[in-house]
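A.B. asks: This is the structure I have questions about; it appears just below.
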Amino acid sequence: QVQLVESGGGLVQVGGSLRLSCATSGIMFSRYNMGWYRQAPGKQRELVAFIFSSGTTNYADSVKGRFTISRANAKNTVYLQMNSLKDEDTAVYYCQATWGNVYWGQGTQVTVSS
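Spelled out as structure tokens, the structure:
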């Protein structure tokens, strides 16, 4: 059974930091490309950051320079370090695993307040 479990969300003030984690099981993690997406109320889900199995990363323009995606293959976990958080970063953040099949986590809420 494939599971992706996000954690690390919460309430933070503008300018603060959070680190999200996505622990996976049931997949050959090192072969999967991993992504973080987010969905704000009334908006479509959007890509935040992506890390290929090779380690190559991509970021949405809105988070470049502030967010860092990384992976620990030995722990079957992908991370999203979020710094200099803004109001507009408020959303539910979802982890995605892709390698042929696509799997999603249940999401974790991030709320940035001023």
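Quick note on numbering: the sequence shown equals residues 139 to 252 in the numbering used here. The C-beta atom is built at its ideal place from N, Cα and C for all residues, glycine as well. Bear in mind the structure is a predicted one, so any value in this text is a computation, not a measurement.
Do A187 and V230 have their beta-carbon atoms positioned less than 9 Å apart in this structure?
C.D. replies: Counting from 1 along the sequence shown, the entry for residue 230 is found at position 92. Counting from 1 along the sequence shown, the entry for residue 187 is found at position 49. No. Outside cutoff.
A.B. asks: With distances taken from CA atoms, which of V240, D225, Q244 is nearest L149?
C.D. replies: Residue 149 sits at position 11 when you count from the first residue of the sequence shown. Per the Cα distances, D225.
A.B. asks: Could you pull the start and end residues of the beta strand (DSSP E) that R176 belongs to?
C.D. replies: By one-based count along the sequence shown, residue 176 stands at place 38. Taken as a continuous stretch (DSSP letters only), the beta strand (DSSP E) holding R176 covers 171-177.
A.B. asks: For the beta strand (DSSP E) that contains G148, what are its first and last residues?
C.D. replies: As a working mapping, residue 148 is identified with position 10 in the sequence shown. First-last of the beta strand (DSSP E) with G148: 148-151.
A.B. asks: Counting C-beta neighbours from all protein chains within 10 Å, is the total for T194 16 or more, i.e. buried, or is it exposed?
C.D. replies: On the sequence shown, residue 194 is found 56 positions in, with the first residue counted as 1. Burial call: exposed.
A.B. asks: Following the continuous beta strand (DSSP E) through N239, name the residue where it begins and the one where it ends.
C.D. replies: Within the sequence shown, the letter at position 101 stands for residue 239. 239-242 is the span of the beta strand (DSSP E), which, as asked, contains N239.
A.B. asks: What's the C-alpha gap between S222 and G203?
C.D. replies: Within the sequence shown, residue 222 is the residue found at index 84, counting from 1. Within the sequence shown, residue 203 is the residue found at index 65, counting from 1. Looking at the two C-alpha atoms, the distance is approximately 9 Å.
A.B. asks: Would you mind working out which of V250, L158, S145, W174 sits nearest R253, comparing C-alpha positions?
C.D. replies: Because the chain in this structure spans residues 139 to 252, residue 253 falls outside the shown range and cannot be described.
A.B. asks: Which one of S159, S252, M166 has the shortest CA to CA distance from N239?
C.D. replies: Here the question's residue 239 lines up with position 101 in the sequence shown. The shortest Cα separation from N239 among S159, S252, M166 belongs to M166.
A.B. asks: Would you report the Cα separation of L142 and M172, rounded to the nearest angstrom?
C.D. replies: Locating residue 142 in the sequence shown gives position 4, where the first residue counts as 1. Locating residue 172 in the sequence shown gives position 34, where the first residue counts as 1. Approximately 11 Å between the Cα atoms of the pair.
A.B. asks: With a 10 Å radius around its C-beta and 16 neighbouring C-beta atoms as the bar for buried, classify D169 as buried or exposed.
C.D. replies: Here the question's residue 169 lines up with position 31 in the sequence shown. Asp is not the amino acid found at residue 169; the sequence shown has Arg there. Residue environment analysis places R169 among the exposed positions, since fewer than 16 neighbouring C-beta atoms fall within 10 angstroms of its C-beta.
A.B. asks: How long is the line joining the alpha carbons of T206 and N196, rounded to whole angstroms?
C.D. replies: By one-based count along the sequence shown, residue 206 stands at place 68. By one-based count along the sequence shown, residue 196 stands at place 58. Computed Cα separation, rounded: 10 Å.
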